[in-house]
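**Student:** To convert, count from 1 in the sequence shown and add 605; that's this note's numbering.
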Amino acid sequence: MPLVPMRQILDEAAKGGYGVGAFNVNNMEQIQAIMEAASETKSPVIIQASKGALQYSRMIYLKKLMEAAVEENPDIPVAMHLDHGNSLETCKQAIELGFTSVMMDGSLAEDGKTPNTYEQNVEITKRVVDMAHPLGVTVEGELGVLGGIEDGHGAGLSADEVDAHLTDPAQAEDFVAKTGLDALAVAIGTSHGAYKSGRKDPKTGEILPPALAMERIHQIHERMPNCHMVMHGSSSVPKELVDIVNEYGGNMPGTFGIPVEQIQDGIKHGVRKVNVDTDSRLAMTGAIRKVFAEKPEAFDPRKYLGPARQAMKELVYVPRMIAFGQAGHAGDYEFMTLDEMKAFYA
Ligand code: G3H
Ligand code: 13P
Ligand code: ZN
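1) What residue from A619, M685, M836 and L943 has the CA that sits closest to V630's CA?
2) Of the choices D773, V842, T860 and D905, whose alpha-carbon is the least far from that of L811?
3) Touch check for the stretch 650 to 662 and the stretch 614 to 630: three-plus C-beta pairs under 8 Å?
4) Helix, strand or coil for D779, going by three-state DSSP, please let me know.
5) Which value, in whole angstroms, describes the spacing of the CA atoms of A792 and C832?
6) Considering only DSSP beta bridges, list what S655 is partnered with.
7) Should G690 be counted as a contact of the ligand G3H given a C-beta to heavy atom distance under 8 Å?
8) Shorter than 8 Å, the distance from the beta carbon of K801 to the closest heavy atom of the ligand 13P, or not?
9) Taking the alpha-carbon positions, what's the D937 to Y950 distance?
10) From R894, P830 and G741, pick the residue whose C-alpha is nearest to that of D848; which is it?
11) Out of Q869, K873, G621 and P912, point me to the one whose CA is closest to M889's CA.
12) Could you compute how far the alpha carbon of D905 sits from the alpha carbon of L789?
13) Based on DSSP bridge pairs, tell me the residues matched to E745.
14) So A642 and I700 are in contact, right, with Cβ under 8 Å, and what is the actual spacing, rounded?
15) Closest to Q698 by C-alpha separation, out of Q867, I665 and A714, would be which residue?
16) Excluding five sequence neighbours on each side, which residues of the same chain lie with their C-beta closer than 6 Å to the C-beta of L748?
17) Less than 9 Å between the C-beta atoms of V734 and T784, yes or no?
18) What is the DSSP secondary structure of Y938, counted as helix, strand or coil?
19) Residue range of the beta strand (DSSP E) that G626 falls in?
20) List the whole-angstrom C-beta distance separating T795 from G838, where the pair is believed to meet the contact cut-off of C-beta under 8 Å.
21) Within 8 Å, do at least three Cβ pairs link the stretch 721 to 734 to the stretch 700 to 712?
22) Out of curiosity, what's the CA-to-CA distance linking P807 and L740?
23) Beta carbon of A684: closer than 8 Å to some heavy atom of the ligand MG?
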């Protein structure tokens, strides 16, 4: 069973009214934990790798691990997606490697830092669509700039700055029409990482939840009910996971994530792909720290990577697959091939 085009997974999610977690991977334990969770909950799933992940895993290793994942789980629809591709060349490389979906993040220039103009974003995203669709490969684009890493200011923006970076619903409609993309990543005030809130109560100093512009998602969905939206920066950064890290020698004060209820509200209004990376990093780190603290004599990597794999599966992937609604939907449809997708686009 080959990898499934991401477009089919998103179309089916729209039909069923659910969201699909897109989980970042860098190594075997993460891939295995995701597949075990998908198999147990009977979930379609998106596995994604950033440019950094491709470099870290030296590409061919990731490709072979993904081949093993689909071979072992022929009943689970799995899409392999490039997260935050920064150029046509990177997207091409991922497709050559066998990815069934790519993100062209044209909101930023190739350096991954400088914001592009709207026209530059349209141009590069359309070029990637023109290259990918004839091969049956799905394309995600991004409009607006995510908080935190992407805007270069950290997550602590002023209200005006945040507003200027958010996705404009009218422009979103123009962007989708001009580029012909399959999935639109929207900027609504989320940011990558474990510190998603720059807001503090001025009196108590207590950290407040990040202010999300959920109404932008509602408005985009009203304008384009068939547009598949993507929520980046969607880790919930649960206190239980951070507490484990801190209890066993970590130092992560002041973390904050996106409550699952807000993601579910997005899913009700057209969000079909939900990006989660940080939560699995936290689960893995906490489990490893715990083994090191409790068994200082341990030095067999299986003794700490095994519990890390189990923690990611139990504390992140299984609960998220249930919360996003993808659980139980793996067997709803026959899987399409990239060749069939070529015909769809043509
Ligand atoms: O886009 C952010 C993802 O969490 C991937 O992060 O670039 O450190 O692999 P990374
Ligand atoms: P988190 O950092 O919230 O997990 O977001 C991941 C992401 O958006 C990957 O593209
Ligand atoms: Zn992202």
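Beta carbons: idealized from backbone N, C-alpha and C, even for Gly.
**Tutor:** Checking against the coordinates, here is how it stands:
1) If you number the sequence shown from 1, residue 630 lands on position 25. If we check each option's Cα against that of V630, M685 comes out closest.
2) Taking the sequence shown and counting its residues from 1, the one referred to as residue 811 is at position 206. Per the sequence presented here, residue 811 reads as Glu, with Leu not at that position. Restricting attention to D773, V842, T860 and D905, the CA atom closest to the CA of E811 is found in T860.
3) Contact between the stretch 650 to 662 and the stretch 614 to 630 is present, because at least three Cβ pairs lie under 8 Å.
4) Residue 779 sits at position 174 when you count from the first residue of the sequence shown. Three-state DSSP puts D779 in a helix.
5) As a working mapping, residue 792 is identified with position 187 in the sequence shown. As a working mapping, residue 832 is identified with position 227 in the sequence shown. C-alpha separation (whole angstroms): 15 Å.
6) Walking along the sequence shown from the start, residue 655 turns up at place 50. Per DSSP, the beta bridge partners of S655 are D688.
7) Counted from its first residue, the sequence shown places residue 690 at position 85. No; taking the cut-off as 8 Å, the Cβ of G690 has no heavy atom of the ligand G3H nearer than that.
8) Here residue 801 corresponds to residue number 196 of the sequence shown, with the count starting at 1. Yes.
9) Within the sequence shown, numbered from 1, the residue matching residue 937 stands at position 332. Within the sequence shown, numbered from 1, the residue matching residue 950 stands at position 345. Rounded to the nearest angstrom, the two C-alpha atoms are 22 Å apart.
10) In the sequence shown, counting from the first residue as 1, residue 848 sits at position 243. Taking only the C-alpha atoms, the option nearest D848 is R894.
11) One-based indexing of the sequence shown puts residue 889 at position 284. With distances taken between Cα atoms, M889 lies closest to P912.
12) Within the sequence shown, the letter at position 300 stands for residue 905. Within the sequence shown, the letter at position 184 stands for residue 789. So the two alpha carbons sit approximately 43 Å from each other.
13) Counting from one through the sequence shown, the residue named residue 745 turns up at place 140. According to the DSSP secondary-structure assignment, E745 is paired through a beta bridge with M708 and A788.
14) What you label residue 642 is simply residue 37 of the sequence shown in a count that begins at 1. What you label residue 700 is simply residue 95 of the sequence shown in a count that begins at 1. Not a contact, Cβ separation roughly 27 Å.
15) Along the sequence shown, one-based indexing puts residue 698 at 93. With respect to the C-alpha of Q698, the residue from Q867, I665 and A714 having the closest C-alpha is I665.
16) The count along the sequence shown starts at 1 and reaches residue 748 at position 143. Excluding residues within five positions, the ones whose Cβ falls inside 6 Å are T772, A777 and F780.
17) Counted from its first residue, the sequence shown places residue 734 at position 129. Counted from its first residue, the sequence shown places residue 784 at position 179. Yes; because the gap between Cβ atoms is below 9 Å, this pair is in contact.
18) For the purposes of this step, residue 938 is taken as residue 333 along the sequence shown, with counting starting at 1. Under the three-state reduction of DSSP output, Y938 falls in the coil class, being neither helix nor strand.
19) Residue 626 sits at position 21 when you count from the first residue of the sequence shown. Note, G626: beta strand (DSSP E), V625 to N629.
20) Residue mapping note: residue 795 aligns to position 190 of the sequence shown, counting from 1. Residue mapping note: residue 838 aligns to position 233 of the sequence shown, counting from 1. Going by Cβ atoms, the distance from T795 to G838 rounds to 3 Å, so yes, they are a contact pair.
21) A contact exists between the stretch 700 to 712 and the stretch 721 to 734.
22) Position 202 of the sequence shown, counted from the start, is the residue given in the question as residue 807. Position 135 of the sequence shown, counted from the start, is the residue given in the question as residue 740. P807 and L740: Cα-Cα distance of roughly 53 Å.
23) This structure lacks the ligand MG; its bound ligands are the ligand G3H, the ligand 13P and the ligand ZN.
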